[in-house]
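Notes follow once the structure below has been shown.
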Amino acid sequence: MVKTRMAPSPTGEFHIGSMRTLLYNYAFAKKNNGKFVLRIEDTDRERYVEGSVERMLDVIRYCGLDWDEGPEVGGPNAPYVQSQRLALYKNYALQLVEQDHAYYCFCTPERLEKMRADQRAQGVAATKYDRTCLSLSSEQVQQNLAGSMPYTIRLKVPKDEVITFTDLILGRVDYPSNDLDDQILLKSDGFPTYHLGVVVDDHLMGITHILRGSEWLASTPKHILLYRMLGWEMPATGHLPNLKEVGANKKMSKRFGDVSVTEFLRDGYLPEALLNFIMLLGWNPGTEKELYSVAEFIRDFTVAKIHSTDLVAFDRERLAWLNGYYIRSLADRELCTRLLAWAQKWQVQFGFDVDLRSEKAVGVIFIVKDRMRTLGDFMLLASYFFTEPQVDKLELAKYSGGNQAAILQAFYQLYTEVGQDAWVVNHLDEISHDFIQKNGLTPKEAFMTLRFAVSGQSATPPIFDVLGLLGKDTVLRRIKSAMT
RNA sequence: GGCCCCGUCGUCUAGUGGCCUAGGACAUCAGGUUUUCAUCCUGAAGAUCGCGGGUUCGAUUCCCGCCGGGGUCACCA
């Protein structure tokens with residue numbers, strides 16, 4: 046049975062690139078009626094960030110994804126948190142030592158640093174451990190151990206071998222074993238390094254396929270060696286292109302803006318839009334279809350269609366367009382519900398009082414949603430429906446050529462006479478056009494002045510939609526206040 | 001620098017020897033929807049397929065070299 050996994054490290058917030066990796070692994074498992082495992086790789090206690098595990102699990106679920114085995118849901122290979130499986134890794138490390146596939150190393154970090162510095166001084170480009178501790182006699186090793194000397198366990202990389210594997214995405218890859226360092230497997234604090242941890246857990250948990258970022262490609266031969274030494278079967282691997290910012294030939298980073306999934310969500314990107322967007326970052330169905338739900342993605346996903354390229358640009362313009370598209374596709378009432386849930390989830394302040402369950406809110410959404418690219422845009426676009434706008438008098442004068450008082454006075458007069466029952470968009474449109482024609486006003490000066498007086502903004506939805514929604518009393522009040 | 005991977009419009013990409021006078025989408029520009037912004041519709045511009053050699057009747061597609069980009073060389077993942 047196909048089984049995939051995603052194994053984040055709780056060293057910060059969940060990265061958008063990690064979400065893509067998760068999504069691909071998830072889709073691959075589901076596509077093949079397999080299982081998807083979530084595992085927490087918290088072996089670096091120096092970079093550990095309190096609470097990040099909980100936030101990661103939350104954001105994954107918020108995006109509508111889940112896991113068949115892992116933290117909180119359990120499974121046959123629990124626990125799914127590496128820091129709770131320490132004895133396991135150590136046993137395998139010791140087993141490797143016994144089989145002469147690994148060895149104790151008592152070198153201090155200071156000595157290793159000096160060793161590397163010396164190597165570099167001699168012009169060695171790729172520094173490697175000099176195997177000082179490999180020549181220790183077993184008596185010396187026992188003595189050091191008995192004296193509680195801190196130690197690590199290193200992989201004994203075989204010499205003069207070419208390690209070959211077939212990557213699901215890249216195809217055949219060859220690595221000379223002589224270029225491999227004697228990787229540390231078990232750290233002096235008793236925690237495994239990533240390399241030991243993944244291999245042991247992936248095997249024990251029955252992982253059959255691994256899709257991960259291309260930064261792991263160079264580690265794959267080390268893993269292959271470990272699998273072989275432990276007598277296990279190596280899962281298939283596929284290495285994904287990394288994400289970069291548009292115009293920058295480097296991986297995405299904090300410096301360029303939002304990179305954590307949470308930040309995008311908080312800014313008002315819909316999970317389905319965000320997911321749809323990252324699906325296409327390194328994968329394409331080979332057709333012109335580009336609107337994808339997760340279910341459709343699972344249906345069409347194939348590893349063969351993942352691109353073997355180096356970097357893929359994370360085009361925020363395109364994300365914004367896609368998000369706007371998804372927003373426009375939602376029914377008005379549904380959008381209101383989403384807006385409410387979003388504000389509650391991320392504790393977003395609108396800056397004005399709005400009951401998103403009201404008919405008025407639905408009406409505002411109706412005329413405003415074509416202009417929204419994120420949920421957060423609602424604040425800018427809709428504020429004047431719920432709170433009195435600040436009307437800049439100087440600006441107002443610009444639209445009317447200094448004639449604003451007369452224009453507004455005339456509109457005030459006109460609208461005063463409209464009965465409450467007749468206060469509907471079509472009627473307002475009709476009488477207003479008749480009115481300006483009779484008074485020799487251009488639509489532009491008349492309606493821009495009106496628009497600005499009533500909303501405090503120069504760009505709004507069609508003016509009569511706005512007037513209709515605002516209601517007679519509010520419109521008259523605002524016209525009056527803009528005149529003075 | 002050693003090793004490994006990659007190279008089609010600004011961006012995401014389609015393309016697996018002839019269907020390509022290289023297709024789509026975002027972005028850009030122009031026009032339309034008789035007031036703004038946006039949506040929507042139509043159209044335009046935009047890639048000598050990194051460069052140079054081969055192989056072939058024919059190369060974006062196959063091979064080699066070069067150049068460019070990325071990754072990796074930690075008791076981090």
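Our numbering puts the first sequence at residues 46 to 529. From the three backbone atoms N, C-alpha and C, an ideal C-beta is built for every residue, glycine too.
* Asked: On the three-state DSSP scale, how would you describe residue 252?
  -> The sequence position of residue 252 within the first sequence is 207, counting from 1. Three-state DSSP puts residue 252 in coil, outside helix and strand.
* Span of the alpha helix (DSSP H) holding residue 463? -> On the first sequence, position 418 is the one that residue 463 refers to. First-last for residue 463: undefined, no H or E at that position.
* Among residues of its own chain, excluding the 5 on either side of residue 446, which ones have a beta-carbon nearer than 8 Å to its beta-carbon? -> Within the first sequence, numbered from 1, the residue matching residue 446 stands at position 401. 490, listed in sequence order.
* If you check the beta carbons only, do residue 58 and residue 307 fall under 8 Å apart? -> Walking along the first sequence from the start, residue 58 turns up at place 13. Walking along the first sequence from the start, residue 307 turns up at place 262. Taking 8 Å as the Cβ cut-off, residue 58 and residue 307 qualify as a contacting pair.
* Kindly provide the ranges of any alpha helix (DSSP H) runs that are 4 or more residues long and lie completely inside the stretch 57-81, ordered along the chain. => 61-76
* Got a sec, what are the start and stop residues for the beta strand (DSSP E) residue 283 sits in? -> The sequence position of residue 283 within the first sequence is 238, counting from 1. Taken as a continuous stretch (DSSP letters only), the beta strand (DSSP E) holding residue 283 covers 281-285.
* In whole angstroms, what is the alpha-carbon distance linking residue 95 and residue 199? -> For this step, residue 95 is matched to residue 50 along the first sequence. For this step, residue 199 is matched to residue 154 along the first sequence. Taking the straight line joining both Cα atoms gives about 30 Å.
* To do: Measure the C-alpha to C-alpha separation of residue 356 and residue 83 and round it to an integer number of angstroms.
  => Here the question's residue 356 lines up with position 311 in the first sequence. Here the question's residue 83 lines up with position 38 in the first sequence. If you take the alpha carbons of residue 356 and residue 83, they lie about 26 Å apart.
* **DSSP-derived helix/strand/coil call for residue 152** => Residue numbering aside, residue 152 sits at position 107 when the first sequence is read from its first letter. Looking at residue 152 - three-state DSSP - the assignment turns out to be coil, as it is neither helix nor strand.
* **Supposed contact pair residue 222 and residue 201 - C-beta distance, whole angstroms, cut 8 Å** => Counted from its first residue, the first sequence places residue 201 at position 156. Counted from its first residue, the first sequence places residue 222 at position 177. That pair is no contact at about 11 Å.
* Asked: For residue 256 versus residue 66, is the C-beta distance shorter than 8 Å?
  -> Sequence index remark: in the first sequence, residue 256 carries index 211 (1-based). Sequence index remark: in the first sequence, residue 66 carries index 21 (1-based). Contact flag set, yes.
* To do: Alpha carbon to alpha carbon, how far is residue 480 from residue 409? Give it in angstroms, no decimals.
  => As a working note, residue 409 is residue 364 in the first sequence. As a working note, residue 480 is residue 435 in the first sequence. The alpha-carbon atoms of residue 409 and residue 480 are separated by roughly 27 Å.
* Asked: Which residue from 287, 164, 245 puts its Cα closest to that of residue 173?
  -> As a working note, residue 173 is residue 128 in the first sequence. Nearest C-alpha to residue 173: 164.
* Asked: How long is the line joining the alpha carbons of residue 121 and residue 211, rounded to whole angstroms?
  -> What you label residue 121 is simply residue 76 of the first sequence in a count that begins at 1. What you label residue 211 is simply residue 166 of the first sequence in a count that begins at 1. Distance between residue 121 and residue 211, taken at the CA atoms: about 30 Å.
* What are the boundary residues of the alpha helix (DSSP H) that residue 273 is part of? -> Along the first sequence, one-based indexing puts residue 273 at 228. From DSSP, the alpha helix (DSSP H) with residue 273 extends over 265-275.
* To the nearest angstrom, report how far apart residue 313 and residue 451 are at their CA atoms. => Translated into positions along the first sequence, residue 313 becomes position 268. Translated into positions along the first sequence, residue 451 becomes position 406. The alpha-carbon atoms of residue 313 and residue 451 are separated by roughly 42 Å.
* Closest by CA to residue 324, which one among 241, 180, 311, 345? -> Taking the first sequence and counting its residues from 1, one reaches residue 324 at position 279. Ranking 241, 180, 311, 345 by Cα distance to residue 324 puts 345 first.
* Between the Cα of residue 318 and those of 107, 50, 51, 98, spot the shortest distance and give me the residue it belongs to. => Looking up residue 318 in the first sequence gives position 273. Among 107, 50, 51, 98, the Cα nearest to that of residue 318 is on 107.
* Asked: Does the separation of the CB atoms of residue 149 and residue 126 fall below 8 Å?
  -> For the purposes of this step, residue 149 is taken as the residue at position 104 of the first sequence. For the purposes of this step, residue 126 is taken as the residue at position 81 of the first sequence. No, they are not a contact pair.
* **Member of 118, 523, 431 whose CA lies at the smallest distance from the CA of residue 461** => The residue labelled residue 461 in the question sits at position 416 within the first sequence. Measuring from the Cα of residue 461, the nearest candidate turns out to be 523.
* Does the stretch 127-139 come close enough to the stretch 228-248 to have 3 or more Cβ pairs within less than 8 Å? -> yes
* Tell whether a beta-carbon distance below 8 Å holds between residue 88 and residue 237. => Counting from one through the first sequence, the residue named residue 88 turns up at place 43. Counting from one through the first sequence, the residue named residue 237 turns up at place 192. Residue 88 is a Cβ neighbour of residue 237, given a cutoff of 8 Å.
* Asked: What residue from 226, 258, 276, 498 has the CA that sits closest to residue 525's CA?
  -> As a first step, residue 525 must be located in the first sequence, where it is residue number 480. Comparing Cα-Cα distances from residue 525 to each of 226, 258, 276, 498, the minimum goes to 498.
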